[in-house]
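There are 4 protein chains.
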Amino acid sequence: MGQQSGKRLSRKERERREHRRLILEAAEELFARKGFHATSVQEIADEAEFSVGSLYNLFESKERLYHELIEMRADQYLRKLAQRLDEADGPADKVRAAVRCKLDFFEEHRQFFNIFGNFVSGAESASPPMLSKTCIEIHGQIHRQLESVFEAGIQQGIFADIDPVLAVLALEGTTNAIIGEWIHTGSRKLESMNPGAVERILFHGLLDGKAK
Amino acid sequence: MGQQSGKRLSRKERERREHRRLILEAAEELFARKGFHATSVQEIADEAEFSVGSLYNLFESKERLYHELIEMRADQYLRKLAQRLDEADGPADKVRAAVRCKLDFFEEHRQFFNIFGNFVSGAESASPPMLSKTCIEIHGQIHRQLESVFEAGIQQGIFADIDPVLAVLALEGTTNAIIGEWIHTGSRKLESMNPGAVERILFHGLLDGKAK
Amino acid sequence: MGQQSGKRLSRKERERREHRRLILEAAEELFARKGFHATSVQEIADEAEFSVGSLYNLFESKERLYHELIEMRADQYLRKLAQRLDEADGPADKVRAAVRCKLDFFEEHRQFFNIFGNFVSGAESASPPMLSKTCIEIHGQIHRQLESVFEAGIQQGIFADIDPVLAVLALEGTTNAIIGEWIHTGSRKLESMNPGAVERILFHGLLDGKAK
Amino acid sequence: MGQQSGKRLSRKERERREHRRLILEAAEELFARKGFHATSVQEIADEAEFSVGSLYNLFESKERLYHELIEMRADQYLRKLAQRLDEADGPADKVRAAVRCKLDFFEEHRQFFNIFGNFVSGAESASPPMLSKTCIEIHGQIHRQLESVFEAGIQQGIFADIDPVLAVLALEGTTNAIIGEWIHTGSRKLESMNPGAVERILFHGLLDGKAK
DNA sequence: TATGAATGAGGGTTCATTCAT
DNA sequence: TATGAATGAACCCTCATTCAT
């Protein structure tokens, strides 16, 4: 009863999800700023304007909340990346798409970079142990997708005969460093750090083309 | 008092430094493995075979200990890097030296990468806030050194006309990703991740040279 | 309003009582199994298939619910005991009736023994403090009834000249120990723990009759 | 070094034991009065005039503290009982010794009765689940000792041919009821509840000897 | 100087109770 | 009236830091 038009979700259920979203947002901001251990459940609840009890009605534990936060954003990212790769034509374009997708995503969710980015460097230390598994898996998925792009490009003679794993590390490492620099230098987008410049360096390297 | 002859350090002072070193070593291992918050002062003291009281006689606080640990290794790294850059001839060789220096250093001190690497991505989250300042400064010093290498290389027409900041990010990001992969995939040195392969990708990019 | 004809209880009132009964039953099982503190209001509501809100509409508090549970069963027991004592002829028979009544009652309601039995030994510890008063009163009523049986038996020369208080304690203590043993050893009725054996030991004591 | 005369315990170790004793005493009083769940660690620490932290330096957990408390007193009781049984001559005397030993012990440690006595009636509900095992075992030890006394007495024709298990339950149940009554009626020793009266009722039963 | 027991604020979590719907 | 989400005080426990010895 009542109008359940498109969504067929009860009001209760809709509210529940909204409240979860609000808490996840508050948590994202705090975890990103202070890290997992230094953020208290009380702070998250305060920031989201709920009581601790309510938080625990919606999430099993602080750890599980962190987990869900990462899974939510990571899924979002994975879906976006898959779509952009799918839309792009040919290996070179797919690499460009991957770069742009990543820069776009983390420009919008730069808080999340501080949470997820930690794992890029293999530093699982700052988070609950159980978590690293999830993060490693997600990184694995991203890497596998990109590796297959490079493999295709190498077979087609577009890319040089470089180990695809290494190619992915160069791509991911470079973009991570750039995003980190954005965040760290106070959020303005540096002129030179546009996708074009990144692609140029990835595709052609540092050496002067004319010199070759 | 006592003999201060050649070294102009008293036995007391020498012992003091040795004890600090032992504690810093124990701390490095634990911080790297479990992170700052999950490592207790008691554990560090136990591992180093001192009492907590002694630890506090030698270090102001847990936070300060972490600080000093990073400063110690970072200084070591900075000195080594400066020396290698100095020894190398010409911008291209200096870049090769920087890559090799970094891979060498973190292969020997991979524990330290889990501590210091966290800051690479701008993620100060996992550590006490005061700390990030030190780390940012150190990263700043490294970056400035490398930037001047690239500036020289560009002026000499060896490197393409790329923003040196971006070039440094590519260099640092790629090497970070590789080191992270080493550590994470269980410490064996992947075949393709030798300095030569890294330099190839940095210098010539991903595209097939013949295609150009 | 509504039909109140024969029973002079409205449907509302009848439902109310039925719901209270259902909740009390669920609570009895849980309190007996897990104790007062380890049983949550939520669990009771779930077990009885009501919401917590409904539970609180019917009972003032968890503590009061516990209270009423004990009062309900204790009244039931007191009525049954009074009836059996009334039906029995002479002090000795009344004692036999008391023993059988108690064993019968707690065989049927062994869950309740875990709740009420706690007070037997004067141990009010596990329950809310306010509760002990009710329990003490009920124990008092039982004891007074039994004491008057012994007083009569002594006056009639049937029982030895023992303090009736002590006699009641022997009767109650022995039966409590037996019921506790039943429950504890897993619910089978031990061969030797029949009312006859209990009465034998209470009436004639441990010493061999022939030896007298 | 220092004088370690009789005890060869360091001062540190002696203090440690003394502090444990003080906390156990405070805990005994509170657990006895309010039960396990209703007693907070903070309260115990306050009562013993230590900080919570100190309590946790000396005891693993609240549960373990409770455990140790029971084990300590129960061992004390078991030793005393064994000694008294050993000293007594013949089954009848041993039963007398058991009664007196129990009344003496719990007169001195009536607080402990509220903790340990709970288990007499098989009501394990009020305590942490792990605990009941310890208590059941201890009760088992006591019962086995007493059962063998009755078995011997029956074989020697001193006791009537009653199931020894039942005889033990009568002995234990009766004494429990009496101790409970002592505690509950405010600690004065009732005139009629002297060991002699208890033994009389246990040995000769309720019936008037002349009537037989 | 070296020790480690003592401290207590702060952590994550639970749950009896309330109240808007 | 029936519901169950929201509340927050209180729980047990940890650990960086201090200080008497």
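Residue numbers (numbering that gives the first Met the number 0), protein chains in the order written: chain A, 0 to 211; chain B, 0 to 211; chain C, 0 to 211; chain D, 0 to 211. Every residue gets a Cβ at the ideal spot worked out from N, C-alpha and C, and that includes glycine.
Minimum Cβ-Cβ distance from residue i to chain C less than 8 Å
{"i": "T133 (chain D)", "result": "no"}
{"i": "F104 (chain D)", "result": "no"}
{"i": "G204 (chain D)", "result": "yes"}
{"i": "D162 (chain D)", "result": "yes"}
{"i": "L168 (chain D)", "result": "yes"}
{"i": "F215 (chain D)", "result": "Only positions 0 to 211 of chain D appear in the structure, and residue 215 (chain D) is not among them; the question remains open."}
{"i": "E180 (chain D)", "result": "yes"}
{"i": "A87 (chain D)", "result": "no"}
{"i": "K177 (chain D)", "result": "Just to set this straight, residue 177 (chain D) is Ile in the shown sequence, not Lys. Chain C contact via Cβ: present."}
{"i": "I157 (chain D)", "result": "yes"}
Same chain, Cβ closer than 8 Å to residue i, neighbours up to 5 away in sequence not counted
{"i": "A159 (chain C)", "result": "I153"}
{"i": "L201 (chain B)", "result": "V94, V98, A169, L170, T173"}
{"i": "S50 (chain D)", "result": "A44"}
{"i": "E86 (chain C)", "result": "A96"}
{"i": "M71 (chain B)", "result": "L23"}
{"i": "I161 (chain D)", "result": "F149, I153"}
{"i": "I182 (chain B)", "result": "R109, F112, N113"}
{"i": "P194 (chain C)", "result": "R95, V98, R99, L102"}
Bridge partner(s) assigned by DSSP for residue i
{"i": "L206 (chain C)", "result": "D:F158"}
CB contact below 8 Å: residue i versus chain D
{"i": "H36 (chain C)", "result": "yes"}
{"i": "F111 (chain C)", "result": "no"}
{"i": "E171 (chain C)", "result": "yes"}
{"i": "A96 (chain C)", "result": "no"}
{"i": "A122 (chain C)", "result": "With a pLDDT of only 44 at A122 (chain C), under the threshold of 50, the placement of this residue in the model should not be trusted; the figure read from the coordinates follows. Chain D, which has a Cβ nearer than 8 Å to the Cβ of A122 (chain C), makes this yes."}
{"i": "I137 (chain C)", "result": "no"}
{"i": "I69 (chain C)", "result": "no"}
Residue i at chain B interface by Cβ criterion, 8 Å
{"i": "L201 (chain A)", "result": "yes"}
{"i": "L64 (chain A)", "result": "no"}
{"i": "A196 (chain A)", "result": "yes"}
For residue i, the three-state DSSP class (helix, strand or coil)
{"i": "G34 (chain D)", "result": "coil"}
{"i": "T184 (chain C)", "result": "coil"}
{"i": "H18 (chain D)", "result": "helix"}
{"i": "R7 (chain B)", "result": "coil"}
{"i": "H108 (chain B)", "result": "coil"}
{"i": "N113 (chain C)", "result": "helix"}
{"i": "M192 (chain C)", "result": "coil"}
{"i": "E46 (chain A)", "result": "helix"}
{"i": "E12 (chain A)", "result": "helix"}
{"i": "A73 (chain A)", "result": "helix"}
{"i": "F149 (chain A)", "result": "helix"}
{"i": "S60 (chain D)", "result": "coil"}
{"i": "D103 (chain C)", "result": "helix"}
{"i": "S39 (chain B)", "result": "coil"}
{"i": "D88 (chain D)", "result": "coil"}
Same chain, Cβ closer than 7 Å to residue i, neighbours up to 5 away in sequence not counted
{"i": "E42 (chain B)", "result": "L29"}
{"i": "K79 (chain B)", "result": "C100, F104"}
{"i": "R19 (chain D)", "result": "L57"}
{"i": "L145 (chain B)", "result": "A97, V167, L170"}
{"i": "Q140 (chain D)", "result": "L77"}
{"i": "I157 (chain D)", "result": "P90, A91"}
{"i": "E136 (chain A)", "result": "none"}
Contacts around residue i, its chain only, beta-carbon distance under 6 Å, and the 5 residues preceding and following it disregarded
{"i": "K61 (chain B)", "result": "V40"}
{"i": "V197 (chain B)", "result": "V98"}
{"i": "A47 (chain B)", "result": "L21, I22, A25"}
{"i": "A122 (chain D)", "result": "Annotation note: pLDDT 45 at A122 (chain D) (below 50); position unreliable, coordinate value reported separately. Around A122 (chain D): no qualifying Cβ."}
{"i": "T38 (chain C)", "result": "L29, F30"}
Chain A within 8 Å of residue i, Cβ atoms only
{"i": "L165 (chain B)", "result": "yes"}
Inter-stretch contact (C-beta, 8 Å, three-pair minimum) for the segment 29-45 of chain B and the segment 95-115 of chain B:
yes
Sufficient close CB pairs (3 or more, under 8 Å) joining the segment 43-62 of chain C to the segment 50-62 of chain D:
no
At least three beta-carbon pairs within less than 8 Å, the segment 8-23 of chain C to the segment 9-19 of chain D:
no
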